[in-house]
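What follows is a single structure, written as structure tokens, with notes after it.
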Amino acid sequence: MSIRIYNTLSREKETFVPLDPKRVTLYACGPTVYNFAHIGNARPAVIFDLLYRVLSRRFSNVIYARNITDVDDKINAAAAEEGVSIDVITRRYADAYHADMAALGVGRPTVEPRATDHIDAIVKMIERLIELGHAYEAEGHVLFNVENFSDYGQLSRRDRREMIAGARVEVAPYKKHPGDFVLWKPSSDDLPGWDSPWGRGRPGWHIECSAMSASHLGEVIDIHAGGQDLVFPHHENEIAQSRCAHGTDTFARYWMHNGFVTVEKRKMSKSLGNTLIVHELLKQWPGEALRYLLLSAHYRQPLDWSEKALEQAQTTLDRLYGLLRDHASDAFAEQVEPDPAVTAALEDDLNTPTALAALNGLARQLGHADPAERPALAARLRATGELVGLLQQDPEAWFSQRQVKVELSEADILNLIEQRQQARQARDFSEADRIRDQLADQGIVIKDGPDGTSWEVAAR
RNA sequence: GGCUAGGUGGCAGAGUGGUUAUGCAGCGGCCUGCAAAGCCGUGUACCUCGGUUCGACUCCGGGCCUAGCCUCCA
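Structure follows, in structure tokens:
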């Protein structure tokens, strides 16, 4: 079996064949660090982290680049508002991004390039585009000329002429064509800027990804990924710049786009004020529950976020961790392969819902397996969880993070259980139930089993 | 207006031209003094109207509805 990927370019699921199997290249558009990430920003991070894991099983050398945009007008605005320099802002939110993503089980990419470290490469690329007649200077700006790039609109399936007709934005007077976009723009003295052949200025948004992608991965890459809203104009523009600058007929061979996280069916966005900040959610919920929920829908579908769904994800994880707690893994768990049904689902265009279904099937198998087979099944469940980025905690740690505060000492608890035990033996069940209720009120759950009574701290 | 996705059981959410998704909730059972947990079992679900077909939820066409992009946006 091979890996299948839905390619936005062809609008079809294709078999993934890398240009060079010894060096597979993946680029995902990363965050602009001017505030905390919301759960919609987390979705591509989780999805493409998973893609990287899936690719890495098949190919020994996968280079995954996920950039950090650290020069942007929104960053400038945030810095101005607080009266600090932009690097105070970008450092703060880049750190927060890393912490939040780590809590969601997202690993670090192979390289994490920053726009401000690539100004030279960006300037060189723009110079080249001007030389080749694909860009022009106007009033301190440098603009890309979409007119003489005939494939413009191929990815988003847009027609240039129709775009002019339907344009709802005022067109800057210095543009030759309404679709032309900025490669470089002038900076006033109070804004961050770099010297360039066109005066002090800063890069436009699209050019940084083209420059960083070429610097770290090469002129033609295997997979380029990002959110659906980047198809146009961001990715369309990246294709135009990169192909024109490098004289290639392909920029990225496969394009992958994730759907949005919605709230009450509406896209999560700042303008609607319906964003859910990961940093805040993590105060109330385990990161792993957020990850489970993000994986519960297929990445190209919209995912409607709700507290109810989050609770369900958490309940499901409770059950899975309960099984892992009750059944010790085989000692050689590291050598166990993930469930083939799960890898097959993931290799089929990252079908995470089917993968999670298979994971649950495996758990069910474990639940009623012959005792002799359980350690091996538990190990397999762990190994499968590792691939999807779930079930890697100590089960005790999973449960304890969710426990309520308990005032009683362990001696008190054992004492009460003993009293209840005596009441039960005396068949004074009303007294036994009273003690059980009393313990429950204080956050202790009693479980009577064949080997006596055990207890645990209740979950929140 | 142009372009893109989608409409599946109480909810979430995969998938398939004729056969069990899965999770959560519900119901019945096992276990228990009763519970809890766990396990077992359990649902004539595929927007609408036509067409293709021996047979369509699955393919094709029309309609209705929803969301998204066309402007910063994951």
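So for the first sequence, the numbering used here puts the first residue at 1; every next one is plus one. Backbone N, C-alpha and C fix where the C-beta goes; we use that ideal spot for every residue, glycine too. Given the structure is predicted, the values throughout are model-derived calculations rather than measurements.
Which same chain residues end up closer than 8 angstroms to residue 327 when comparing Cβ atoms and leaving out the 5 residues on each side of it in sequence? Correct list, in chain order: 366, 374, 375, 377, 378.
Residues near residue 19 in its chain [Cβ-Cβ closer than 7 angstroms; skip 5 each side]: The beta carbon of residue 19 sits closer than 7 angstroms to those of 220, 222, 253, all from its chain and outside the five residues before and after it, given in chain order.
Length of the line joining the Cα atoms of residue 165 and residue 308: With a pLDDT of only 48 at residue 165, under 50, the local geometry of the prediction cannot be trusted, and no value is derived from it.
Helix, strand or coil for residue 329, going by three-state DSSP, please let me know. Here residue 329 sits in coil by DSSP.
Residue 268 (DSSP reduced to helix, strand or coil): DSSP, read as helix, strand or coil, puts residue 268 in coil.
With a floor of 3 residues, list each beta strand (DSSP E) that falls wholly inside the region 45 to 71, ordered by position along the chain. Listed in chain order, the complete beta strand (DSSP E) runs (minimum 3 residues) inside the region 45 to 71 are 62 to 66.
What alpha helix (DSSP H) runs, 4 residues minimum, are completely inside the region 379 to 435? For the region 379 to 435, the full-length alpha helix (DSSP H) segments reaching 4 residues or more read 395 to 400, 410 to 425 along the chain.
Count the other CB atoms, across all protein chains shown, that sit within 10 Å of the CB of residue 225; report buried if there are 16 or more and exposed otherwise. Residue 225 comes out buried.
Helix, strand or coil for residue 280? Go by DSSP, reduced to three states. Three-state DSSP puts residue 280 in a helix.
Contiguous alpha helix (DSSP H) assignments of at least 4 residues, all confined to the region 182 to 235: Qualifying alpha helix (DSSP H) stretches, in chain order: 205 to 216.
DSSP on residue 246, reduced to helix/strand/coil? In the structure shown, residue 246 sits in a helix (DSSP, three-state: H, G or I).
Below 8 angstroms CB to CB, which residues in the same chain sit around residue 392 once its five sequence neighbours on both sides are set aside? So the list reads 105, 382, 385, 386, once near-sequence residues are dropped.
Tell me the DSSP bridge mates of residue 258? DSSP lists 227 as partners of residue 258.
When we look at the beta-carbon of residue 210 and count the other beta-carbons within 10 Å, is it buried (16 or more) or exposed? Residue 210 comes out buried.
Beta-bridge partners of residue 13, as assigned by DSSP: The beta-bridge partner set that DSSP reports for residue 13 consists of 6.
Use the C-beta contact count for residue 144: other C-beta atoms within 10 angstroms, 16 or more gives buried, fewer gives exposed. Burial call: buried.
With 16 other Cβ atoms within 10 Å as the buried cut-off, status of residue 72: Flag for residue 72 reads buried.
Distance, Cα to Cα, residue 358 vs residue 372? Whole-angstrom Cα-Cα distance: 22 angstroms.
Relative to the C-alpha of residue 132, which candidate in 159, 148, 140 has its C-alpha closest? Checking every option, the nearest Cα to that of residue 132 belongs to 148.
My assumption, with CB atoms under 8 angstroms, is that residue 281 sits in contact with residue 39. Please give the rounded CB distance. Sure, about 7 angstroms apart at Cβ, within 8 angstroms.
Residue 42 to residue 320 span [Cα, whole Å]: Those two C-alpha atoms are separated by around 24 angstroms.
Whose CA, out of 323, 330, 288, lies closest to the CA of residue 310? Per the Cα distances, 288.
Once you ignore the five residues that flank residue 116 on each side, which residues in its own chain have a CB closer than 7 angstroms to its CB? Correct list, in chain order: 70, 71.
How would you label residue 185, buried or exposed, when you count the other beta carbons within 10 angstroms and need 16 or more for buried? Buried: at least 16 other Cβ atoms inside 10 Å.
Using 10 angstroms around the beta-carbon of residue 61, count the other beta-carbons present and answer buried if the total reaches 16, otherwise exposed. So residue 61 ends up on the exposed side.
Please list the terminal residues of the continuous alpha helix (DSSP H) segment that includes residue 290. It spans 287 to 295 - the alpha helix (DSSP H) in which residue 290 sits, taken as one unbroken run.
Classify residue 415: buried if its beta carbon has 16 or more other beta carbons within 10 angstroms, exposed otherwise. With fewer than 16 Cβ atoms within 10 Å of its Cβ, residue 415 is classed as exposed.
Reducing DSSP to helix, strand and coil, say where residue 374 ends up. Helix.
Status (buried if at least 16 other CB within 10 Å, exposed otherwise) for residue 420: Around the Cβ of residue 420, a 10 Å sphere holds 16 or more other Cβ atoms; the residue is buried.
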